[in-house]
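Asks:
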Amino acid sequence: MLEFSKLVVETAVANQSGAMEADTISKHGRSSKSHMSRGNFLRKACVLASALMIAVLAAYGGGSDGRSSSITLDEFKRQFNEIRANRSLDDDGYSLDWNYQQNLGSAKTMKGDIYILSCFISDSKNQWSYDEKMDIINKYQEAVNWLKNQALRYNVTVNFEGGNFGLDTDIKLDNIEYGSGRGNEDVKMVSRVLKKIGYNNSLSFYNWVIGNTKCRNALVLIFTKGKGTGYAMAFETKDMNEDLYFVEGVMLYERYLNNSKLASSTIAHEILHLFGAWDLYKTFRQTQDREDKARELFPNSIMLRTSFNINELYIDEVTAWLIGWKSKTEAWYEWFKPSKK
Ligand SMILES: [Zn+2]
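In my numbering, the protein residues as written are 911 to 1251.
#1: In angstroms, rounded to a whole number, what distance separates the CA positions of A955 and A1241?
#2: Measuring only from the beta carbon, is D1189 closer than 6 Å to any heavy atom that is part of ligand 1?
#3: In whole angstroms, give me the CA-to-CA distance for S1112 and M1099.
#4: Tell me the DSSP secondary structure of T1176 in three-state form.
#5: Grouping DSSP H, G and I as helix and E and B as strand, with all else coil, what is M1020?
#6: On the CB-based measure, 16 or more other CB atoms within 10 Å of its CB, does N1210 come out buried or exposed?
#7: Can you give the beta carbon distance from V1160 to G1140, rounded, assuming they're within the 8 Å contact cut?
#8: In the DSSP assignment, the beta strand (DSSP E) including A1241 goes from what residue to what residue?
#9: Confirm, please, whether the CB-CB distance from M1213 to A1230 is below 7 Å.
#10: If you measure between the beta carbons of Y1109 and A1128, is that distance less than 7 Å?
#11: Have a look at L1172, H1179, V1097 and K1021 and flag the residue whose alpha-carbon is nearest the alpha-carbon of A1144.
#12: Between the beta-carbon of G1252 and the beta-carbon of C1029, is there less than 7 Å?
#13: Per DSSP, which one or two residues make a beta bridge with K1171?
#14: Measuring only the C-alpha atoms, how far is M1150 from L1172?
#15: For E985, is the classification buried or exposed, using 16 other Cβ atoms within 10 angstroms of its Cβ as the cut-off for buried?
#16: Could you tell me which residues DSSP pairs with A1128 in its beta bridges?
#17: Could you tell me whether the Cβ atoms of I1177 and A1053 are closer together than 7 Å?
#18: Under 6 Å Cβ to Cβ from F1133, same chain only, skipping five residues before and after it: list those, please.
#19: Tell me the DSSP secondary structure of N1069 in three-state form.
#20: Quick check on S1249: does DSSP put it in helix, strand or coil?
#21: Please tell me whether W1235 and Y1064 are closer than 7 Å, where the distance is taken between their beta carbons.
#22: Would you tell me roughly how many angstroms separate the C-alpha atoms of L1182 and I1233, rounded to the nearest one?
#23: What separation, rounded to the nearest whole angstrom, lies between the Cα atoms of V1068 and A1017?
#24: Does K1035 come out as helix, strand or coil in the three-state DSSP assignment?
#25: Could you tell me how far apart the beta carbons of D1078 and W1038 are, in whole angstroms, since I believe they sit closer than 8 Å?
#26: Three-state secondary structure (DSSP) at W1235?
#27: Per DSSP, what kind of secondary structure is I1081 in: helix, strand or coil?
#28: Is L1154 buried or exposed, if buried means 16 or more other CB atoms sit within 10 Å of its CB?
#29: Leaving out the 5 sequence neighbours to the left and right, which residues in its chain are closer than 6 Å to S1005 when beta-carbon positions are compared?
#30: Who are the near neighbours of F990 in its chain, counting only those whose CB is closer than 8 Å to its CB and skipping five residues on each side?
#31: For S1174, collect the residues of the same chain with a Cβ closer than 6 Å to its Cβ; drop the 5 residues on either side in sequence, then sort them by chain order.
#32: The alpha helix (DSSP H) with V1103 in it runs from where to where?
See the structure below:
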């Protein structure tokens, strides 16, 4: 009923196409103890060579304009206090009791053990090759390793485990959403894919994780053959339909719209959204003003830009606070709060 409140958080850059057969889901059976053994998953992942690493700025608006960092954090805090004195912080439509760190849905706080279900999907016109899937799994590993290392910078321990569907044979779906970054993407993709795998609804997947693993956070990564702009499907408000949206997930595409291959930094960026991270670049919910300020304060934040070399990026302190890595709240964090639409 309140589906319109399900907000799409779009990604930096995007792409992809793909596809393949159907009716093979049952053989993976959701009754199997795990979604494909972890050992098998990792062993296959090792087959691939490392992903191509080319430093590239994101293709989104604003881009690199040569501006260099010119404001200190102390200066910004002072400016923020002046802005705050002259502006209602709730003029973006948020209620006064809006909780910035929502901690709702299946991915609440990025701490401890986190379960990630990876799925490979395609439509009738395309299909993944095995090597392409291995390439993606390599990037996935790079993304989660980077997240673990970033957590250590904030003295937080994070471990990722999980399983996979569609590695041997693509999960086949009709009417797949190929994200465009407009914000009107299909936000039912997680429940559609889970249903295809064999879950009655997305909550039964979450209950499986709680009952069979030590993880208390879970999410779904949907790797889609073809081109598109990835997007995150986060459970943002309590009035959303839990059967459809409680399990949070991400749509990611083999290639961006400009045809370059998916970067591991985009995988990490989208996962961060599920734990509450905000975009720091201009989007349908974020202003140029905020992007400009982020460029000065956190020029290499993963929520501001993407790169084919994830190691030149970091998690800025606003994002760290949003995902639960930093307990002390600074008033100026809320200046980067996205608009509510
Ligand atoms: Zn984003």
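Beta carbons are placed, not taken as given, at the ideal position from N, Cα and C, and that holds for glycine.
Computed from a predicted structure; not experimentally measured.
Replies: Per the coordinate set shown:
#1: Low local confidence applies: a pLDDT of 26 at A955 is under 50, so the model's placement there is unreliable, with the coordinate-based value given in what follows. Answer to the nearest angstrom: the Cα atoms are 43 Å apart.
#2: yes
#3: 11 Å
#4: helix
#5: coil
#6: exposed
#7: Cβ-Cβ separation between V1160 and G1140: approximately 6 Å, consistent with a contact (criterion under 8 Å).
#8: Looking at the DSSP string, A1241 is not in any beta strand (DSSP E), and its letter there is neither H nor E.
#9: no
#10: no
#11: The option with the nearest alpha carbon to A1144 is V1097.
#12: The structure shown does not extend to residue 1252, since the chain spans only 911 to 1251, so no value can be given for it.
#13: R1165
#14: 30 Å
#15: exposed
#16: A1128 pairs with Y1025.
#17: yes
#18: F1030, I1046 and L1162
#19: strand
#20: Here S1249 carries a coil assignment [DSSP, helix/strand/coil].
#21: yes
#22: Our two residues, L1182 and I1233, have alpha carbons roughly 7 Å apart in a direct line.
#23: 13 Å
#24: coil
#25: At roughly 10 Å, the Cβ-Cβ gap does not stay under 8 Å, so D1078 and W1038 are not in contact.
#26: W1235 falls in the coil class under three-state DSSP.
#27: strand
#28: buried
#29: Residue placement at S1005 cannot be trusted, given a pLDDT of 44 that sits under 50; what the coordinates show is reported in the next sentence. The beta carbon of S1005 is closer than 6 Å to none in its chain, skipping five residues each way along the sequence.
#30: A1241, W1242 and W1245
#31: K1049, E1052, A1053 and I1220
#32: M1099 to I1107
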